[in-house]
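The structure appears below as structure tokens.
2 protein chains.
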Amino acid sequence: MARERKYTDEDLFHATKQMIIADGYEAFTFSKLASVLNVSRGSIYKYYENKDELISEFLMYEMNRFLKKFNDLDKSGDFQTQFDLIITFIFEQSNIHQVVEIIPQIPISTTKRVEDNKSKLSEYYVDMYEQFQGFIELGRKENVIKNHIPTAVLLGMIFQTIAIPNHFGIPQAEWISSIKEILSHGMFEK
Amino acid sequence: MARERKYTDEDLFHATKQMIIADGYEAFTFSKLASVLNVSRGSIYKYYENKDELISEFLMYEMNRFLKKFNDLDKSGDFQTQFDLIITFIFEQSNIHQVVEIIPQIPISTTKRVEDNKSKLSEYYVDMYEQFQGFIELGRKENVIKNHIPTAVLLGMIFQTIAIPNHFGIPQAEWISSIKEILSHGMFEK
DNA sequence: TTATTAAGTGACACTAATGTCACTTTCGAT
DNA sequence: ATCGAAAGTGACATTAGTGTCACTTAATAA
Numbered sequence: 041m042a043r044e045r046k047y048t049d050e051d052l053f054h055a056t057k058q059m060i061i062a063d064g065y066e067a068f069t070f071s072k073l074a075s076v077l078n079v080s081r082g083s084i085y086k087y088y089e090n091k092d093e094l095i096s097e098f099l100m101y102e103m104n105r106f107l108k109k110f111n112d113l114d115k116s117g118d119f120q121t122q123f124d125l126i127i128t129f130i131f132e133q134s135n136i137h138q139v140v141e142i143i144p145q146i147p148i149s150t151t152k153r154v155e156d157n158k159s160k161l162s163e164y165y166v167d168m169y170e171q172f173q174g175f176i177e178l179g180r181k182e183n184v185i186k187n188h189i190p191t192a193v194l195l196g197m198i199f200q201t202i203a204i205p206n207h208f209g210i211p212q213a214e215w216i217s218s219i220k221e222i223l224s225h226g227m228f229e230k
Numbered sequence: 041m042a043r044e045r046k047y048t049d050e051d052l053f054h055a056t057k058q059m060i061i062a063d064g065y066e067a068f069t070f071s072k073l074a075s076v077l078n079v080s081r082g083s084i085y086k087y088y089e090n091k092d093e094l095i096s097e098f099l100m101y102e103m104n105r106f107l108k109k110f111n112d113l114d115k116s117g118d119f120q121t122q123f124d125l126i127i128t129f130i131f132e133q134s135n136i137h138q139v140v141e142i143i144p145q146i147p148i149s150t151t152k153r154v155e156d157n158k159s160k161l162s163e164y165y166v167d168m169y170e171q172f173q174g175f176i177e178l179g180r181k182e183n184v185i186k187n188h189i190p191t192a193v194l195l196g197m198i199f200q201t202i203a204i205p206n207h208f209g210i211p212q213a214e215w216i217s218s219i220k221e222i223l224s225h226g227m228f229e230k
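Residue numbers (my numbering), protein chains in the order written: chain A, 41 to 230; chain B, 41 to 230.
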């Protein structure tokens, strides 16, 4: 039919992810991306009209991947089992945090494809939130989670902890178990 | 002596802060700043050679302000009293988080002033860290803080919590007391 | 009043990125 | 072999930001 592509969508999204995690939304340019992929800038315009469109497609791809993996987690165990599973999972997927933070940075766009993607992304976001909400509900039903603390705070805490910078290079296992301990029973001895 | 200035350093740093918090380091330009301050771009070059220099000066100013205020806190009470005081303080200064995150984003510069500021900033950072470390030590001495959890994790958790986005608009007082509760005694009932 | 001096301006040359498009390449189907 | 179609290129015009500088403006000390 036509000639072979020099790079797959996966290549492109992978490079995009690295660049965005390293330098943020504004620093991302077609010029840099093209040079990373060893293609001409012009060829990227064959698939994406501009940076907003490319990034919104990338975010769709990432969110999809994350939600699929999350859905594949074993939901049969009791709350404690799921808590351990989910914390570990979130730390494995720790860059999802930097990814979702990009969403609100996409400016109000002129092109339909971008706006469609943005609204789909917020649906994904709600979807994800509801899944985690279900998990918190389970904890409340089993009387493990304190009832007087709002769900938004609980989820916020859990998600925010994955972004704590481990400046001092504490080993991953100790790092995660310490955080799990604080989330469960706090910093205090008593 | 000479004509009056149209804007003070404070004006300039305030505008810079707003712009950086809203859109990040890369999106900051002299053009936008000048138009916010209603002056010509050229006049800003009278004081700062370029964006890196301006932002490094801004960060110095912010860190100084933060450390002064922190030093003014009452350090006489027991751990519990100081814990409450410090958490409240950190929430009041919640944008310090976005500010310190800018520091590593300043590229390796050619000008001496920028490099000097960067090294002073890392001194400030160490200074701040040591202050908080002292606070954690107190908690350990009073046997309030769990001894087996590394200080880096404890401080990381405390600092990260101020950045949790309160999407659902939970009232500030409830928000802070919930977070304090989790940090102290965890999410779990038992 | 006027000389001095710092503050501020806007035009100029430069750089880096954008978006477009006619053109070339390479594949497979006919 | 050759044609159609998608992939890829590089040159061009455009836009947005940078850094510089001769010049104008306005305060004030003499």
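Ideal Cβ placement from N, Cα and C applies to all residues, glycine included. Keep in mind it's a predicted model, so treat the numbers as computed, not measured.
- In this structure, Leu107 (chain B) sits away from Asp114 (chain B), with a CB-CB distance that is not shorter than 8 Å.
- Under the three-state reduction of DSSP output, Phe106 (chain A) falls in the helix class.
- With three or more CB-CB distances shorter than 8 Å, the stretch 188-200 of chain B counts as touching the stretch 213-220 of chain A.
- For Gln58 (chain B), the closest alpha carbon among the candidates B:Pro211, B:Phe172, B:Asn135, B:Phe228 is that of B:Asn135.
- Looking at the DSSP output, Phe228 (chain B) shares a beta bridge with A:Ile185.
- Collapsing the DSSP output to three states places Ser116 (chain B) in coil.
- If only uninterrupted alpha helix (DSSP H) runs of at least 4 residues are considered, those enclosed by the stretch 44-68 of chain B are 49-67.
- Scanning its chain for C-beta atoms nearer than 7 Å, with the 5 sequence neighbours on each side dropped, one finds around Gln171 (chain B) the residues Phe110, in chain order.
- Against Ile95 (chain A), chain B offers no close residue; the least beta-carbon distance is about 14 Å (beta-carbon pairs closer than 9 Å).
- Excluding sequence positions up to five before and after Ile148 (chain A), its CB lies less than 7 Å from no other CB in the same chain.
- For the options B:Phe123, B:Leu223, B:Leu99, the alpha carbon positioned closest to that of Ile61 (chain B) is the one of B:Leu99.
- Shown in chain order are the members of the stretch 180-196 of chain B whose Cβ falls below 7 Å from a Cβ of chain A: Asn183, Val184, Ile185, Lys186, Ile189, Pro190, Ala192, Val193, Leu194, Gly196.
- Here Glu102 (chain A) has Val139 as same chain residues with Cβ atoms under 6 Å from its own Cβ, once five neighbours each way along the sequence are excluded.
- No beta strand (DSSP E) of 3 residues or more sits fully in the stretch 137-163 of chain A.
- Residue state for Glu214 (chain B) is assigned as helix, using DSSP reduced to three classes.
- Annotated three-state conformation of Lys86 (chain A) is coil, per DSSP.
- The three-state reading of DSSP puts Val79 (chain B) in coil, since its state is none of H, G, I, E or B.
- Under the Cβ criterion of 8 Å, Ala203 (chain A) is counted among the residues facing chain B.
- DSSP, reduced to helix, strand and coil, places Gln171 (chain A) within a helical segment of the structure shown.
- The stretch 172-181 of chain A and the stretch 118-133 of chain A touch, with no fewer than 3 CB-CB distances between them shorter than 8 Å.
- Contact between Thr151 (chain A) and Glu89 (chain A) holds, since their C-beta atoms are separated by about 6 Å, short of 8 Å.
- Rounded to whole angstroms, the gap between the alpha carbons of Gln200 (chain B) and Ile204 (chain A) is 6 Å.
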